[in-house]
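Student:
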Amino acid sequence: TGALQLTNGQRTMNLPGITGQAFYPAILQFKKGPSATTTRSFSTHFLFEIVSKDQKPGGHGFAFVLAPSTNFCSASGGPFLGFVNQSNNVNPNNHIFAVEFDTVQQVDLEDRDGNHVGIDVNGVISNTSESAAYYTELNKKETVLLDSQTPIQAWIEYDGKGKQLNVTIAPLSHPLKPTRSLISYSIDLSPILLEHMYVGFSSGTQKLFSKHYILAWSFTMEGKAQELDLSRLPSVPRDRTPLGKSLKLYLYLSVALVIILFLIITISICYWTHKKSKLTSEKVEEWEMDYPHRFPYRELYRATKGFKEELGKGGFGSVYKGVLPRSGMEVAVKKVSHSSKQGIREFVAEVSSLGRMRHRNLVQLQGWCRRGEELLLAYEFMPKGSLDSHLFGIRRKSLSWEQRFKIVKGIASGLLYLHEEWEQVVVHRDVKASNVLLDGDLNGRLGDFGLSRLYEHGTNPKTTKIVGSFGYMAPELSRTCKFTTSSDVYSYGALLLEMACGRRPIEPERPCDEMILVELVHSLWKGGRILDAMDNKLGNSYVVEEAELVLKLGVLCSQAAPESRPNMRQLTQFLNGGASLQDLECHNIVIQDDPGMDQLIL
Numbered sequence: 001t002g003a004l005q006l007t008n009g010q011r012t013m014n015l016p017g018i019t020g021q022a023f024y025p026a027i028l029q030f031k032k033g034p035s036a037t038t039t040r041s042f043s044t045h046f047l048f049e050i051v052s053k054d055q056k057p058g059g060h061g062f063a064f065v066l067a068p069s070t071n072f073c074s075a076s077g078g079p080f081l082g083f084v085n086q087s088n089n090v091n092p093n094n095h096i097f098a099v100e101f102d103t104v105q106q107v108d109l110e111d112r113d114g115n116h117v118g119i120d121v122n123g124v125i126s127n128t129s130e131s132a133a134y135y136t137e138l139n140k141k142e143t144v145l146l147d148s149q150t151p152i153q154a155w156i157e158y159d160g161k162g163k164q165l166n167v168t169i170a171p172l173s174h175p176l177k178p179t180r181s182l183i184s185y186s187i188d189l190s191p192i193l194l195e196h197m198y199v200g201f202s203s204g205t206q207k208l209f210s211k212h213y214i215l216a217w218s219f220t221m222e223g224k225a226q227e228l229d230l231s232r233l234p235s236v237p238r239d240r241t242p243l244g245k246s247l248k249l250y251l252y253l254s255v256a257l258v259i260i261l262f263l264i265i266t267i268s269i270c271y272w273t274h275k276k277s278k279l280t281s282e283k284v285e286e287w288e289m290d291y292p293h294r295f296p297y298r299e300l301y302r303a304t305k306g307f308k309e310e311l312g313k314g315g316f317g318s319v320y321k322g323v324l325p326r327s328g329m330e331v332a333v334k335k336v337s338h339s340s341k342q343g344i345r346e347f348v349a350e351v352s353s354l355g356r357m358r359h360r361n362l363v364q365l366q367g368w369c370r371r372g373e374e375l376l377l378a379y380e381f382m383p384k385g386s387l388d389s390h391l392f393g394i395r396r397k398s399l400s401w402e403q404r405f406k407i408v409k410g411i412a413s414g415l416l417y418l419h420e421e422w423e424q425v426v427v428h429r430d431v432k433a434s435n436v437l438l439d440g441d442l443n444g445r446l447g448d449f450g451l452s453r454l455y456e457h458g459t460n461p462k463t464t465k466i467v468g469s470f471g472y473m474a475p476e477l478s479r480t481c482k483f484t485t486s487s488d489v490y491s492y493g494a495l496l497l498e499m500a501c502g503r504r505p506i507e508p509e510r511p512c513d514e515m516i517l518v519e520l521v522h523s524l525w526k527g528g529r530i531l532d533a534m535d536n537k538l539g540n541s542y543v544v545e546e547a548e549l550v551l552k553l554g555v556l557c558s559q560a561a562p563e564s565r566p567n568m569r570q571l572t573q574f575l576n577g578g579a580s581l582q583d584l585e586c587h588n589i590v591i592q593d594d595p596g597m598d599q600l601i602l
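Residue 40 in UniProt numbering sits at position 40 of the sequence shown; the count goes up by one each step and never skips.
Below is the structure:
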């Protein structure tokens with residue numbers, strides 16, 4: 001017996017590409033009747049090898065396939081692996097189940113990387129996938145390169161009663177099946193598979209190409225697949241090109257030229273390597289290893305392509321977009337300068353603590369890295385940008401009242417978590433529209449939480465500098481310079497008014513009686529015309545009761561006396577309809593502080 005070759009290693013630039021299939025000729029019964037609601041168990045064990053020309057990167061991989069037919073005339077090669085095409089990919093009428101062994105990352109098909117095993121249903125967008133690897137006897141995960149041009153074993157087992165699928169791989173150098181599967185996935189195949197199905201393999205090539213071989217295969221229903229006789233494996237044919245005299249002469253001349261250029265190339269490479277190494281080098285102190293969520297500097301440097309794409313600049317440093325190479329996750333990397341060597345350890349300890357916070361309305365901190373006096377913080381990337389850009393940006397898009405109300409409720413929930421529900425009280429200190437980020441569903445996420453307090457670890461303890469934003473800062477800070485949960489509430493009140501009115505807390509270019517937003521809203525409230533403060537862009541497209549609630553809460557949060565302001569739990573109850581403001585008298589609200597407010601230090 002010889003090796004079963006699925007593709008011939010030819011290259012094509014055109015769709016549908018080159019495909020190859022090999023199926024067992026007889027159709028198999030996977031259900032015990034057309035009305036059966038369960039699928040029979042099955043098990044398969046096979047050995048494969050992927051060979052690329054001249055050991056160059058190839059593609060695109062192959063798949064073990066269960067299909068109702070062996071007619072794949074309309075299927076495409078390349079990333080579609082020869083059993084579906086772009087138009088019928090993930091069509092539920094396909095009734096195809098496959099386990100793919102993919103060697104090319106296709107971002108639009110949601111591939112995790114260019115070397116993975118995936119579970120496919122009716123197409124090539126995997127339900128779940130894992131980077132190709134196996135577990136040793138010591139439970140250590142070892143990477144397996146699918147296109148390493150060496151034989152690799154694969155075991156696929158499905159339990160019809162337990163509806164459990166296990167996929168295991170290992171190189172031939174590890175002949176025993178690993179005790180731990182690479183993928184263990186709960187899936188009911190009965191809605192996918194028909195009563196009778198064909199079983200086999202499919203592959204496809206296109207711009208990237210390889211030869212895909214099946215060297216041995218066993219398959220059984222309702223039992224364990226027969227072990228393969230590894231002593232009788234066929235050899236994979238290798239491409240051989242005889243060298244003629246002229247080719248040998250050309251080769252000798254080429255080698256001579258390489259020798260002449262060797263020193264120049266070596267010096268250039270050494271210089272470039274030294275320069276790049278210097279850019280990404282870091283001195284890691286022993287104490288840093290005690291704190292979790294730490295990224296190597298080299299990884300964040302590569303993720304941001306050398307901090308190339310700047311998203312913006314904030315009060316604590318610049319922010320860059322990146323993609324983590326190991327997971328493919330999009331992140332926003334913030335560079336924070338820190339000049340105090342004495343406080344850096346405490347700084348890192350608190351940042352690491354923030355990384356353990358989990359709340360749907362907080363931007364998740366993925367990890368950190370210290371390099372000299374610079375701290376790098378990696379957050380999950382928010383695709384819709386900041387709330388400030390939606391309200392006031394050059395390319396601003398008007399948010400509906402429903403979206404605005406959802407955002408302010410979400411931020412209230414996030415602040416409540418920081419103030420009362422986390423293991424310690426965290427004061428944000430800089431609540432404002434530019435620190436509210438929006439995810440893909442326009443949910444509000446509060447960013448930079450805790451950074452203001454952390455930032456102060458790097459300043460002189462005698463300083464009176466306040467880290468905050470004018471218009472959002474509580475008046476008592478001019479006297480005490482001490483941030484509290486009540487000062488956060490004041491900032492949140494400014495945000496409420498900003499969302500409802502569509503303007504900033506302070507706009508010096510307006511007339512004196514309209515310059516300070518909270519005073520304007522308070523005046524309109526006392527005159528019984530509070531809704532006149534609403535954003536003109538909304539027109540009448542808002543819920544009156546909700547709009548009045550947001551405006552009144554904004555004024556209530558802006559009271560001069562900290563003890564008169566509600567806390568975040570009360571505000572959350574108001575916004576969610578758990579409490580009422582009906583008995584509130586606007587004339588009893590004092591929003592102007594004493595003249596000392598003019599001495600506010602920025």
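Even for Gly, the Cβ is constructed at its ideal location relative to N, Cα and C.
Report yes if the C-beta distance between glycine 160 and serine 43 is below 8 angstroms; otherwise report no.
Tutor: Stepping through the sequence shown from its first residue, residue 160 is reached at position 160. Stepping through the sequence shown from its first residue, residue 43 is reached at position 43. In this structure, serine 43 does not lie closer than 8 angstroms to glycine 160 by Cβ.
Student: Report the three-state DSSP secondary structure of alanine 170 (helix, strand or coil).
Tutor: Here residue 170 refers to the residue found at position 170 when the sequence shown is read from its first residue. If DSSP states are grouped into helix, strand and coil, alanine 170 belongs with the strands.
Student: Report the rounded CA-to-CA distance for glutamate 142 versus threonine 19, giving the unit in angstroms.
Tutor: Here residue 142 refers to the residue found at position 142 when the sequence shown is read from its first residue. Here residue 19 refers to the residue found at position 19 when the sequence shown is read from its first residue. Near 31 angstroms, if we compare the C-alpha coordinates of threonine 19 and glutamate 142.
Student: Confirm, please, whether the CB-CB distance from methionine 382 to aspartate 430 is below 8 angstroms.
Tutor: For this step, residue 430 is matched to residue 430 along the sequence shown. For this step, residue 382 is matched to residue 382 along the sequence shown. No, these two residues do not count as a Cβ contact at 8 angstroms.
Student: For leucine 365, which beta-bridge partners are listed by DSSP?
Tutor: Position 365 of the sequence shown, counted from the start, is the residue given in the question as residue 365. Bridge partners of leucine 365: Tyr379.
Student: Applying the 10 Å Cβ sphere with the 16-neighbour rule, what's the burial state of asparagine 122?
Tutor: Here residue 122 refers to the residue found at position 122 when the sequence shown is read from its first residue. The residue is buried, with at least 16 neighbouring Cβ atoms inside 10 Å.
Student: Any idea which residues DSSP pairs valine 323 with across the strands?
Tutor: As a first step, residue 323 is located in the sequence shown; it is residue number 323 there, counting from the start. DSSP, once it has assigned bridges, lists Glu330 as partnering valine 323.
Student: Counting pairs of beta carbons, one from the region 195-203 and one from the region 144-153, are three or more of them closer than 8 angstroms?
Tutor: Taking 8 angstroms as the limit for Cβ pairs, the verdict is that the region 144-153 does not touch the region 195-203.
Student: Sort Asn115, Thr136 and Gly200 by Cα distance to isoleucine 156 and report the nearest one.
Tutor: As a first step, residue 156 is located in the sequence shown; it is residue number 156 there, counting from the start. The shortest Cα separation from isoleucine 156 among Asn115, Thr136 and Gly200 belongs to Gly200.
Student: As a quick exercise: from Ser327, Arg294, Lys335 and Lys313, pick the residue whose alpha carbon is nearest that of glycine 306.
Tutor: The residue you call residue 306 lines up with position 306 of the sequence shown. Closest by alpha carbon: Lys335.
Student: Fully enclosed by the region 400-427, which alpha helix (DSSP H) runs are 4 residues long or longer?
Tutor: Those alpha helix (DSSP H) runs which fall completely within the region 400-427 and span 4+ residues are 401-416.
Student: Can you tell which of Ile530, Val555 and Ala22 has the C-alpha that lies nearest to the C-alpha of serine 491?
Tutor: Here the question's residue 491 lines up with position 491 in the sequence shown. Considering only alpha carbons, the answer is Val555.
Student: Do methionine 499 and glutamate 507 come within 8 angstroms of each other at the CB atom, strictly closer than that value?
Tutor: Counted from its first residue, the sequence shown places residue 507 at position 507. Counted from its first residue, the sequence shown places residue 499 at position 499. Not in contact: glutamate 507 and methionine 499 (Cβ atoms no closer than 8 angstroms).
Student: By a C-beta neighbour count over all protein chains shown, 10 Å radius and 16 as the cutoff for buried, is histidine 419 buried or exposed?
Tutor: One-based indexing of the sequence shown puts residue 419 at position 419. Result: buried.
Student: Within 10 angstroms of the Cβ of histidine 45, are there 16 or more other Cβ atoms? Answer buried if so, exposed if not.
Tutor: In the sequence shown, counting from the first residue as 1, residue 45 sits at position 45. When all chains shown are included, histidine 45 counts as buried.
Student: Under 8 angstroms by Cβ, that's how I've got serine 129 and lysine 163 pegged, so tell me the actual separation to the nearest angstrom.
Tutor: Position 129 of the sequence shown, counted from the start, is the residue given in the question as residue 129. Position 163 of the sequence shown, counted from the start, is the residue given in the question as residue 163. Contact flag wrong, Cβ pair sits at about 19 angstroms.
Student: Could you give the distance in angstroms between the alpha-carbon of glutamate 49 and the alpha-carbon of histidine 212?
Tutor: Here residue 49 refers to the residue found at position 49 when the sequence shown is read from its first residue. Here residue 212 refers to the residue found at position 212 when the sequence shown is read from its first residue. Distance between the alpha carbons of glutamate 49 and histidine 212: 6 angstroms.
Student: Can the beta-carbon of valine 425 be found less than 8 angstroms from the beta-carbon of serine 386?
Tutor: Indexing the sequence shown from 1 puts residue 425 at position 425. Indexing the sequence shown from 1 puts residue 386 at position 386. Not closer than 8 angstroms, so no.
Student: Rounded to the nearest angstrom, how far is the Cβ of alanine 216 from that of leucine 233, given a contact under 8 angstroms?
Tutor: Here residue 216 corresponds to residue number 216 of the sequence shown, with the count starting at 1. Here residue 233 corresponds to residue number 233 of the sequence shown, with the count starting at 1. The Cβ separation is near 6 angstroms, so the contact holds.
Student: What distance in whole Å lies between the Cβ atoms of leucine 497 and serine 521, which are believed to be in contact at a cut-off of 8 angstroms?
Tutor: Stepping through the sequence shown from its first residue, residue 521 is reached at position 521. Stepping through the sequence shown from its first residue, residue 497 is reached at position 497. What sits at residue 521 in the sequence shown is valine, not serine. Sure, about 6 angstroms apart at Cβ, within 8 angstroms.
Student: In the DSSP assignment, find the alpha helix (DSSP H) that holds glycine 554 and state where it starts and stops.
Tutor: In the sequence shown, residue 554 corresponds to position 554, counting from 1. Segment 544-557, the alpha helix (DSSP H) holding glycine 554.
Student: State the CB to CB distance for the pair aspartate 488 and histidine 428, rounded to an integer number of angstroms; the pair is presumed to be in contact (CB under 8 angstroms).
Tutor: The count along the sequence shown starts at 1 and reaches residue 488 at position 488. The count along the sequence shown starts at 1 and reaches residue 428 at position 428. Contact holds; Cβ gap of about 5 angstroms.
Student: What's the C-alpha gap between methionine 568 and valine 543?
Tutor: Translated into the one-based positions of the sequence shown, residue 568 becomes position 568. Translated into the one-based positions of the sequence shown, residue 543 becomes position 543. Distance between the alpha carbons of methionine 568 and valine 543: 23 angstroms.
Student: Under 8 angstroms, do isoleucine 119 and valine 90 count as touching if we go by C-beta distance?
Tutor: Here residue 119 corresponds to residue number 119 of the sequence shown, with the count starting at 1. Here residue 90 corresponds to residue number 90 of the sequence shown, with the count starting at 1. Not closer than 8 angstroms, so no.
Student: With DSSP as the reference, label threonine 7 as helix, strand or coil.
Tutor: Position 7 of the sequence shown holds residue 7. Reduced to three states, the DSSP call for threonine 7 is coil.
Student: Determine the DSSP secondary structure at alanine 26, reduced to helix, strand or coil.
Tutor: Taking the sequence shown and counting its residues from 1, the one referred to as residue 26 is at position 26. Of the three classes helix, strand and coil, the one that applies to alanine 26 here is coil, per DSSP.
Student: If glycine 59 and serine 202 are in contact, beta carbons under 8 angstroms, what's the gap, nearest whole angstrom?
Tutor: Position 59 of the sequence shown, counting from 1, holds the residue named residue 59. Position 202 of the sequence shown, counting from 1, holds the residue named residue 202. In fact, because the Cβ distance is near 14 angstroms, the residues do not count as touching under 8 angstroms.
Student: Under a Cβ-count criterion, where at least 16 other Cβ atoms within 10 Å of its own Cβ denotes burial, should aspartate 111 be classed as buried or exposed?
Tutor: For the purposes of this step, residue 111 is taken as the residue at position 111 of the sequence shown. Buried.
Student: Bridge partners of leucine 253, per DSSP?
Tutor: If you number the sequence shown from 1, residue 253 lands on position 253. The partner list for leucine 253 (beta bridge, DSSP) is empty, contrary to what the question assumes.
Student: Considering aspartate 102, what are the terminal residues of the beta strand (DSSP E) in which it resides?
Tutor: The count along the sequence shown starts at 1 and reaches residue 102 at position 102. 97-102 is the span of the beta strand (DSSP E), which, as asked, contains aspartate 102.
Student: I believe arginine 371 touches tyrosine 320 by the beta-carbon criterion, under 8 angstroms. Please report the beta-carbon distance rounded to the nearest angstrom.
Tutor: Taking the first residue of the sequence shown as position 1, residue 371 is located at position 371. Taking the first residue of the sequence shown as position 1, residue 320 is located at position 320. Not really, about 14 angstroms apart at Cβ, beyond 8 angstroms.
Student: When burial is assigned at 16 or more other CB atoms within 10 Å of the CB, is phenylalanine 470 buried or exposed?
Tutor: By 1-based counting over the sequence shown, the position of residue 470 is 470. Label assigned to phenylalanine 470: exposed.
Student: Quick one: Cα of leucine 6 to Cα of leucine 365, how far?
Tutor: In the sequence shown, counting from the first residue as 1, residue 6 sits at position 6. In the sequence shown, counting from the first residue as 1, residue 365 sits at position 365. Going by the C-alpha atoms only, they are around 46 angstroms apart.
Student: How is the beta strand (DSSP E) around methionine 499 delimited, first residue to last?
Tutor: Locating residue 499 in the sequence shown gives position 499, where the first residue counts as 1. Careful: methionine 499 lies outside any beta strand (DSSP E), inside the alpha helix (DSSP H) at 485-501.
Student: One question on the structure: do glycine 114 and serine 76 come within less than 8 angstroms of each other, judged by their Cβ atoms?
Tutor: For the purposes of this step, residue 114 is identified with residue 114 of the sequence shown, where counting begins at 1. For the purposes of this step, residue 76 is identified with residue 76 of the sequence shown, where counting begins at 1. No, the Cβ-Cβ distance between glycine 114 and serine 76 is not below 8 angstroms.
Student: Would alanine 63 and phenylalanine 23 be called neighbours here (beta carbons separated by less than 8 angstroms)?
Tutor: Working through the sequence shown from its first residue, we reach residue 63 at position 63. Working through the sequence shown from its first residue, we reach residue 23 at position 23. No.
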